[in-house]
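Protein chains in written order, with our numbering: chain A, 155 to 271; chain B, 155 to 271; chain C, 155 to 271; chain D, 155 to 271. A virtual CB, placed ideally from N, CA and C, is assigned to each residue, including glycine. Before any comments, here is the structure.
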């Protein structure tokens, strides 16, 4: 194996940086996905309750009375916010995967020995 | 110590992979075991309450009224689900331990110097 | 690169120690900032409630009834305590940053080759 | 620096093992100390409540009504259990510190060059 030329080394460093970014993105996506599933499940459960159900909500370490309509509204907002964030993360992931693919191809082409070599 | 032949190196890599899988399994098992103990303890405590006891349940960050019968039913389902998962993990652990044992024996046999050596 | 003289080595060790202290400070500051934001948000939400609102507070794993006035008072104290702590951490951070700057300048001066060298 | 004789190497390995045990003990002690402080603070706060105060307790993800007397009793038991555990950990820590001291002295004596050397 010959020494790796500087411009390829710099591409390999870029590749590693992309891979780290991708790993971080995937972790963030999983966290948002878990939160979204929990919010959706809670919404489903709250929506099944009668309209005059006794519902409390936690506010930090305090617990205050709320109403079904308000609780449903807040959960719907939460679900929406999390879906927007999840979509943004998925777009970033797709873009980054494309960059990774292109860079990997470029690196492989650079490392290919010349035909007449 | 002589160089390790390629086929033994590949078995050693497989061994390491099995050990990592086993470590992960043991961690998952402990987590499920803790959840199961908590669910069993909660079930025991709830079952002792009078049938008309005031019981609330948390739904995400919300708290809603429930009934003893429903709470007991949900806890029993949870205990059952966790027991099924624990059994599955224990079966996987047992299988993996057998594979590990076989592979270790195979590696030891490969590394034994030939009798006439 | 020549050997680094002992007094510069000791300054480099000091620099590293300062950088670790700074990193710790920044982490503590972020934690206090998050707690402060949560306390402020809770205060805002509790203040909007009617004076006779049903409010509970968590005491460890117990939940006890409280009143709006008391809850607001406790949250205000919490916000104040956290603000004092945040200010103290910010002062420490500023001081440490100045020390880091001075030491870096001193190290650079020590490593500069003599004019006639 | 000469090669370290095998029996000293084994003492150094033992020393490192003691230090790791000590670090673990200190972490456990801190955790129990934090839990104990929380339980004591909760007990103090619950004891101040009127005897007929509305108190709930969390049982896993469920919340059930309890009474002041019962809550106080459970908290007292918790405080007692944690104090017993803390004392046991402190005794272990003291013993380990003595062992560490003795072993360090033994290692230093072993490494001291002979008088006529």
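Who are the near neighbours of residue i in its chain, counting only those whose CB is closer than 6 Å to its CB and skipping five residues on each side?
i, result
"residue 220 of chain D", "209 and 211"
"residue 166 of chain B", "none"
"residue 183 of chain B", "243"
"residue 158 of chain D", "none"
To which residues of the same chain is residue i closer than 8 Å at the C-beta, ignoring the five residues directly before and after it?
i, result
"residue 109 of chain B", "Nothing about residue 109 of chain B can be reported from this structure: the residues present for chain B run from 155 to 271 only."
"residue 258 of chain A", "169"
"residue 251 of chain C", "176"
"residue 186 of chain D", "236, 239, 240 and 243"
"residue 171 of chain C", "none"
"residue 155 of chain D", "Unreliable placement is indicated for residue 155 of chain D, whose pLDDT of 46 sits below 50; no coordinate value is reported for it."
"residue 173 of chain A", "254"
"residue 190 of chain B", "233, 236, 237 and 240"
"residue 268 of chain C", "none"
"residue 195 of chain C", "none"
Do residue j and residue i come within 8 Å of each other at the CB atom, strictly closer than that value?
i, j, result
"residue 197 of chain A", "residue 229 of chain A", "yes"
"residue 179 of chain A", "residue 243 of chain A", "yes"
"residue 200 of chain C", "residue 226 of chain C", "yes"
"residue 193 of chain B", "residue 233 of chain B", "yes"
"residue 218 of chain D", "residue 203 of chain B", "yes"
"residue 188 of chain B", "residue 265 of chain B", "no"
List the residues that DSSP assigns as beta-bridge partners of residue i.
i, result
"residue 261 of chain B", "Answer is none; residue 261 of chain B lacks a bridge partner."
"residue 172 of chain D", "Bridge partners of residue 172 of chain D: none, in fact."
"residue 211 of chain C", "A:216 and C:218"
Excluding five sequence neighbours on each side, which residues of the same chain lie with their C-beta closer than 7 Å to the C-beta of residue i?
i, result
"residue 246 of chain D", "179"
"residue 231 of chain C", "none"
"residue 160 of chain B", "none"
So what's residue i in DSSP terms, helix, strand or just coil?
i, result
"residue 158 of chain C", "coil"
"residue 216 of chain B", "strand"
"residue 284 of chain B", "Because chain B spans 155 through 271 in this model, residue 284 of chain B falls outside it and cannot be assessed."
"residue 185 of chain B", "helix"
"residue 190 of chain D", "helix"
"residue 229 of chain D", "helix"
"residue 203 of chain B", "coil"
"residue 166 of chain A", "helix"
"residue 255 of chain C", "helix"
Can you tell me whether residue i sits near the ligand NAP, meaning its C-beta is under 7 Å from at least one heavy atom of the ligand?
i, result
"residue 208 of chain D", "The model on display carries no ligand, and the ligand NAP is accordingly not part of it."
Got a sec: is the Cβ-Cβ distance from residue i to anything in chain E below 8 Å?
i, result
"residue 200 of chain A", "The question asks about chain E, but that chain is absent: this structure's protein chains are A, B, C and D."
Cβ-based contacts, 7 Å cut-off: residues of the segment 207-227 of chain D near chain B: 213, 214, 215, 216, 217, 218 and 219
Can you list, in chain order, the residues of the segment 172-205 of chain B whose Cβ is nearer than 7 Å to any Cβ on chain D? 192, 193, 196, 199, 200 and 203
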